[in-house]
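Asker:
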Amino acid sequence: MFQWLKHCMLTWLGILGGALTLLSNLQGVLDLAKWADYLVSKWATVAASAVQSLTETFDIRVSAEANSMIAMALFVSFIAVGARVENEFKVEKREVHPVVWSNIFNRRVLLALVLYTADVVILSLPAFLYVAASTYLAYPSAYIGVCLFLYCAAIVVGLRGWPVWTAVVVAISMLGLSFIFAYSSGSLMEPNVSETASTTIAAVCAILCGLIVVGLAPPLAFTRRIIFMMVGVAAVVLLSQVNHLGIAATPLT
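Sequential numbering of the sequence shown, starting at 295, is according to the working numbering.
#1: Going straight from the alpha carbon of Phe372 to that of Trp306, what length do you get?
#2: Quick check: the Cα distance between Ser534 and Val340, rounded to an integer number of angstroms?
#3: Quick one: give me the first and last residue of the alpha helix (DSSP H) that Tyr424 is part of.
#4: Any chance you could list the alpha helix (DSSP H) runs of at least 4 consecutive residues sitting entirely within the segment 444-485, in chain order?
#5: Whole angstroms are fine: how far does the CA of Leu514 sit from the CA of Val350?
#6: Lys328 lies in the alpha helix (DSSP H); which residues open and close that run?
#7: Going by other Cβ atoms of all chains shown within 10 Å of its Cβ, with 16 needed for buried, is Asn319 buried or exposed?
#8: Going straight from the alpha carbon of Leu304 to that of Met366, what length do you get?
#9: Looking at the structure shown, is Phe399 part of a helix, part of a strand, or coil, going by DSSP?
#10: Can you give me the C-alpha to C-alpha distance between Val334 and Leu314, rounded to a whole angstrom?
#11: In three-state DSSP terms, what is Asp413?
#12: From Leu310, Ile501, Ala496 and Ala358, pick the residue whose C-alpha is nearest to that of Leu405; which is it?
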């Protein structure tokens with residue numbers, strides 16, 4: 295029992311930390327139950343403090359959105375490493391996915407990095423180029439659509455060696471995270487770098503996280519844990535709404 299707990303501890307830290315981080319970003323748009331709101335508020339402070347302490351090692355304080363993105367990159371990395379550790383100690387139903395340098399150093403990962411970099415650059419251009427800003431204002435849906443396509447394509451291409459359904463599920467999940475981060479408020483102090491610098495730092499962390507996932511994570515185990523995390527977030531939101539409606543969770547006697 296102790297051995298099992300030891301092997302899955304990192305995975306659960308990643309799942310619970312990731313789920314609470316997502317919920318903390320949704321506090322401003324969702325009316326959570328008191329118990330959930332209290333738990334998430336405390337966690338948001340802890341996670342923001344941890345990330346801020348990490349970035350302040352380099353005398354940097356990033357924006358709230360970047361802070362949440364860095365926290366999520368850390369927790370997703372924990373899930374990837376934890377899934378690998380669990381898989382290595384499995385006796386039965388062990389997933390065959392060796393850790394080799396070719397998982398990272400190959401053409402598909404390079405293409406994925408190019409696509410993701412292009413996505414970040416295109417998203418940032420309206421702040422610097424009049425033409426890009428005019429294009430965004432004239433065709434906002436098409437502009438955002440191109441960025442979303444590049445983002446999902448980067449993930450699916452980078453995970454090309456995985457079963458197709460796992461790559462698609464991971465891409466959809468990460469796309470959902472990107473929308474949630476728009477509501478971020480996880481920063482304790484004002485940033486001391488520009489929004490562009492914050493975005494760049496968060497993007498670098500996201501890339502490092504992606505390389506950890508591609509290099510280490512067993513595809514099926516990792517995808518199941520990401521699904522479990524997203525379902526957990528949905529369950530807390532649902533329970534909160536049930537609590538607000540005053541519906542009893544157990545039958546009345």
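Think of the CB as a built atom: it goes at the ideal place given N, C-alpha and C, for glycine as much as any other residue.
Answerer: The answer reads as follows:
#1: For the purposes of this step, residue 372 is taken as the residue at position 78 of the sequence shown. For the purposes of this step, residue 306 is taken as the residue at position 12 of the sequence shown. When rounded, the distance between both Cα atoms is 9 angstroms.
#2: To locate residue 534, count along the sequence shown from 1; it is residue 240. To locate residue 340, count along the sequence shown from 1; it is residue 46. Roughly 22 angstroms between the two C-alpha positions.
#3: Residue 424 sits at position 130 when you count from the first residue of the sequence shown. Run containing Tyr424: Tyr424 to Ala432, per the alpha helix (DSSP H) assignment.
#4: 458-474, all fully within the segment 444-485.
#5: What you label residue 350 is simply residue 56 of the sequence shown in a count that begins at 1. What you label residue 514 is simply residue 220 of the sequence shown in a count that begins at 1. For the sequence presented, residue 350 should be read as Glu rather than Val. In a straight line, the C-alpha of Glu350 is about 36 angstroms away from that of Leu514.
#6: Here residue 328 is taken as the residue at index 34 of the sequence shown, counted from 1. Looking at the DSSP string, the run of the alpha helix (DSSP H) that includes Lys328 is Lys328 to Glu350.
#7: Residue 319 sits at position 25 when you count from the first residue of the sequence shown. Taking all protein chains shown into account, Asn319 has 16 or more neighbouring C-beta atoms within 10 Å of its C-beta and is therefore buried.
#8: Here residue 304 refers to the residue found at position 10 when the sequence shown is read from its first residue. Here residue 366 refers to the residue found at position 72 when the sequence shown is read from its first residue. Taken atom to atom, the span from the alpha-carbon of Leu304 to that of Met366 is near 14 angstroms.
#9: Within the sequence shown, the letter at position 105 stands for residue 399. Phe399 falls in the coil class under three-state DSSP.
#10: Mapped onto the sequence shown, residue 334 falls at position 40. Mapped onto the sequence shown, residue 314 falls at position 20. C-alpha separation (whole angstroms): 6 angstroms.
#11: Residue 413 sits at position 119 when you count from the first residue of the sequence shown. If DSSP states are grouped into helix, strand and coil, Asp413 belongs with the helices.
#12: Counted from its first residue, the sequence shown places residue 405 at position 111. When each option's Cα is compared against that of Leu405, the closest is Ile501.
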